[in-house]
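*Asks:* My questions will all concern the structure given below.
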Amino acid sequence: MYLLWKVNPKDTVYNIPFLWRLSSELNVMQLQRALSKLIERHEILRTQYVIDDNEVKQRIATHVSPDFEEVTTSLTNEQDIIQSFMEPFDLEQPSQMRVKYIHGPQQDYLFMDTHHSINDGMSNTILLSDLNALYQDKSLPELKLQYKDYSEWMVHRDLSKQRHFWLQQFENQVPILNMPTDYPRPSIKTTNGNMLTFHYNRQIKQQLKSYVEQHQVTDFMFFASAIMVLLHKYTRQDDIAIGSVISARTHR
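FYI, in this note's numbering the residues of the sequence shown are 7 to 258.
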């Protein structure tokens, strides 16, 4: 993540913004105290990245004040609100989280923006849950592990078998998908794109559930296979590589 940021430090593609609709007014002082406790609780929220002996290393600050601001906006579209408050992060500074209490024309929001180097979808749920508990002045159990412990485990894993497998799998090269698109592939990579969301009804959901149980496969395997079939239909390629996110939380 640090190297990707170093290449384009002004990019916000790895920002993880969250906009929370509020049903009542927040106590600003109480919120700031909760944020301070949240940062104190999670070392990753006080972590910066430095070059030491030609290696990227984490450095944990003893104390970091919350990057908090109470603001007003005239915008009403939530996506526009998110875009207007998103800014690049500096990974060499020990603060990769911004929080804003936003007063809008029709709705108030709590806006939290973090960098992917310190947060992901699963972690975001934990942070918001902890913040909610701390705002209500609830006590939380002491954390037995911090992110540095996970990093230490990651560094010392033996991945030689996995590495050997994938180097053999893509001995020649990773297959390029020759998808017939409306526009040519740009010579310089961009992050332009969009997300297409759709919902299927309860009947289809039940049919899918029955199918995967009958064939002893997971939902992921089913949908990944469906995507592969679709891509083959349009490209007529037999070797197709697709990327997928994972939670990476299987280690105990």
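Where is the CB? At the ideal position from N, CA and C, for every residue including glycine.
In this text the structure is predicted, and so the values were computed from the model without any measurement.
Going by the beta-carbon positions, is the gap between Arg52 and Pro100 smaller than 7 Å?
*Replies:* Reading the sequence shown from its first residue, position 46 is the one you call residue 52. Reading the sequence shown from its first residue, position 94 is the one you call residue 100. Yes, the Cβ-Cβ distance between Arg52 and Pro100 is below 7 Å.
*Asks:* Pull up the distance between the alpha-carbon of Asn83 and that of Asp58, whole angstroms please.
*Replies:* On the sequence shown, residue 83 is found 77 positions in, with the first residue counted as 1. On the sequence shown, residue 58 is found 52 positions in, with the first residue counted as 1. Cα-Cα distance, rounded: 44 Å.
*Asks:* Would you kindly work out how many angstroms separate the C-alpha atoms of Tyr8 and Phe74, rounded to a whole number?
*Replies:* As a working note, residue 8 is residue 2 in the sequence shown. As a working note, residue 74 is residue 68 in the sequence shown. Their Cα atoms are separated by approximately 24 Å.
*Asks:* Mapping the DSSP letters down to three states, classify Phe229 as helix, strand or coil.
*Replies:* Counting from one through the sequence shown, the residue named residue 229 turns up at place 223. Three-state result, Phe229: helix.
*Asks:* Hey, could you find the ends of the beta strand (DSSP E) His162 is sitting in?
*Replies:* One-based indexing of the sequence shown puts residue 162 at position 156. From DSSP, His162 is part of no beta strand (DSSP E); its letter is neither H nor E.
*Asks:* On a Cα-Cα basis, can you pick out the residue from Asp155, Val19, Val70 that is closest to Pro94?
*Replies:* Translated into positions along the sequence shown, residue 94 becomes position 88. For Pro94, the nearest C-alpha among the options comes from Val19.
*Asks:* Quick one: is Asp119 buried, meaning 16 or more other Cβ sit within 10 Å of its Cβ, or exposed?
*Replies:* What you label residue 119 is simply residue 113 of the sequence shown in a count that begins at 1. By the neighbour-count rule (16 or more Cβ atoms within 10 Å), Asp119 is buried.
*Asks:* Please work out which residues of its chain come closer than 8 Å, Cβ to Cβ, to Leu28, disregarding the five sequence neighbours upstream and downstream, and give them in chain order.
*Replies:* Start at 1 with the first residue of the sequence shown, and residue 28 comes out as number 22. Hits under 8 Å: Gln113, Asp114, Tyr115, Leu116.
*Asks:* From the DSSP output, in three-state form, read off Val105 for me.
*Replies:* Here residue 105 refers to the residue found at position 99 when the sequence shown is read from its first residue. Residue state, collapsed to three classes: strand.
*Asks:* Does DSSP classify Val180 as helix, strand or coil?
*Replies:* Walking along the sequence shown from the start, residue 180 turns up at place 174. Here Val180 sits in coil by DSSP.
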